[in-house]
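Numbering follows our numbering, with no gaps: position 111 of the sequence shown is 115. Below is one structure, written out as structure tokens; comments come after it.
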Amino acid sequence: MKKISFTLNGERRQVHVSPNEILLEVLRYKMGVKSPKSGCDSGDCGACTVILDGKAVRSCLIFAVEVDGQEILTLEGLSADGLSPLQQALLEKNAFQCGYCAPGMILSAHELLSNKPHPTEGEIKEAISGNLCRCTGYQPIIDAIKSLTQKR
Ligand code: FES
Ligand code: FES
Numbered sequence: 005m006k007k008i009s010f011t012l013n014g015e016r017r018q019v020h021v022s023p024n025e026i027l028l029e030v031l032r033y034k035m036g037v038k039s040p041k042s043g044c045d046s047g048d049c050g051a052c053t054v055i056l057d058g059k060a061v062r063s064c065l066i067f068a069v070e071v072d073g074q075e076i077l078t079l080e081g082l083s084a085d086g087l088s089p090l091q092q093a094l095l096e097k098n099a100f101q102c103g104y105c106a107p108g109m110i111l112s113a114h115e116l117l118s119n120k121p122h123p124t125e126g127e128i129k130e131a132i133s134g135n136l137c138r139c140t141g142y143q144p145i146i147d148a149i150k151s152l153t154q155k156r
């Protein structure tokens with residue numbers, strides 16, 4: 005086991021991990037962070053997305069030891085002070101149904117909007133293209149992100 009430390013949602017945290025432990029499992033089962041979901045465990049669905057040093061990544065494809073010294077943001081951190089404007093826009097458009105894809109989808113959109121406050125529809129589609137949603141057909145999600153960019 006190795007002790008790693010990293011910043012999780014603004015707080016310095018430490019945890020003991022074995023070399024083959026996956027970040028998604030460590031977040032969910034050792035650190036109580038439940039927003040990243042297990043969907044495919046093979047990098048295909050985006051349900052496990054977190055923001056690692058500013059970039060949306062799939063936590064099912066990363067060994068926990070790799071994040072030593074880095075910074076992770078999950079949905080818990082994004083909404084620590086209440087719903088973010090992005091979440092509010094998604095809520096207003098009823099953009100989700102079951103919500104299983106929502107944390108990953110929101111974090112991918114958050115990364116886009118952090119780097120590009122006024123993206124085109126094509127850029128929005130590209131940004132969330134790795135996040136699968138089996139319920140909505142995507143358009144309400146795209147509309148919500150677009151509506152937010154128009155308010156800025
Ligand atoms: S669970 Fe990680 S991409 Fe599907
Ligand atoms: S709302 Fe159900 S998977 Fe997206």
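Positions of the beta carbon are idealized from the N, C-alpha and C atoms, including for glycine. It should be emphasised that the depicted structure is a prediction, and the values quoted were computed from it without experimental measurement.
For Ala-60, the CB contacts under 6 Å within the same chain, skipping 5 residues up- and downstream, are Thr-53, Leu-111, Ser-112 and Glu-115 in chain order. Here Thr-78 is buried, its C-beta having at least 16 other C-beta atoms within 10 Å. At least one heavy atom of ligand 1 sits closer than 8 Å to the Cβ of Asp-45.
Just measuring C-alpha positions, the residue of Gly-81, Gly-50, Leu-27 and Lys-97 sitting nearest Ser-151 is Lys-97. For Leu-56, the closest of Cys-139, Lys-120, Gly-108 and Pro-123 by C-alpha to C-alpha distance is Gly-108. The shortest CA-to-CA distance from Arg-32 to any of Gly-86, Cys-64 and Ser-133 is the one to Cys-64. With a cut-off of 8 Å on Cβ pairs, the segment 68–86 is not in contact with the segment 125–141, counting fewer than three such pairs.
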